[in-house]
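If you read the sequence shown in this note's numbering, its first letter stands for residue 14, the second for the next number, and so on. The C-beta atom is built at its ideal place from N, Cα and C for all residues, glycine as well.
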Amino acid sequence: MESSSSTSLPSSPIMMWICMLLAECVRGATFAIFWSTVLIHVEQISPAGSTSTMLTLMESIYRGLGHTMGSFLGGILISRVGGIAPAFWFVGWGVLITAILSTFLMKQAL
Numbered sequence: 014m015e016s017s018s019s020t021s022l023p024s025s026p027i028m029m030w031i032c033m034l035l036a037e038c039v040r041g042a043t044f045a046i047f048w049s050t051v052l053i054h055v056e057q058i059s060p061a062g063s064t065s066t067m068l069t070l071m072e073s074i075y076r077g078l079g080h081t082m083g084s085f086l087g088g089i090l091i092s093r094v095g096g097i098a099p100a101f102w103f104v105g106w107g108v109l110i111t112a113i114l115s116t117f118l119m120k121q122a123l
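Shown next, in the form of structure tokens:
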């Protein structure tokens with residue numbers, strides 16, 4: 014028994030590739046804004062001579078804790094909600110949060 018829902022994948026392979034390409038473009042832009050903002054902020058708040066240590070700590074937290082929790086929570090979300098719609102919902106929130114945080118941190122830098 015098939016049911017039509019808003020969380021199903023696009024039926025056309027071309028549409029699926031277009032959706033994936035758009036999602037990756039948004040991810041690339043938001044990641045570039047996020048990463049450059051974080052690096053600038055870490056450099057500004059680091060005590061003299063400890064910038065490398067602070068950057069290493071930031072990288073460890075981002076890659077270790079961030080990727081682990083993101084994968085874990087993403088798996089739970091997909092298993093409970095399913096489909097591709099939650100992914101686009103998170104992309105939208107990601108763009109919004111990144112824009113707000115970047116604007117806030119850049120204004121502090123000026």
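Handout entry: As assigned by DSSP and simplified to three states, the class of residue 99
Key = helix
Exercise for the section: Verify whether the separation of the beta carbon atoms of residue 108 and residue 43 is less than 7 Å. Expected result: yes
Problem - 8 Å contact criterion, which residue 4 and residue 45 should meet: CB distance rounded - result: The structure shown does not extend to residue 4, since the chain spans only 14 to 123, so no value can be given for it.
Problem - Reduced DSSP category for residue 45 - H, G, I as helix; E, B as strand; rest coil - result: helix
Problem - Spatially closest choice to residue 24 from 54, 97, 111, 53, by CA coordinates - result: 97
Handout entry: Alpha-carbon spacing of residue 30 relative to residue 40, whole angstroms
Key = Going by the C-alpha atoms only, they are around 15 Å apart.
Problem - Helix, strand or coil at residue 26 [DSSP, three-state] - result: helix
Problem - Limits of the unbroken alpha helix (DSSP H) element including residue 65 - result: Its alpha helix (DSSP H) spans residues 64-73.
Exercise for the section: Could you tell me the boundaries of the alpha helix (DSSP H) in which residue 86 lies? Expected result: 80-93
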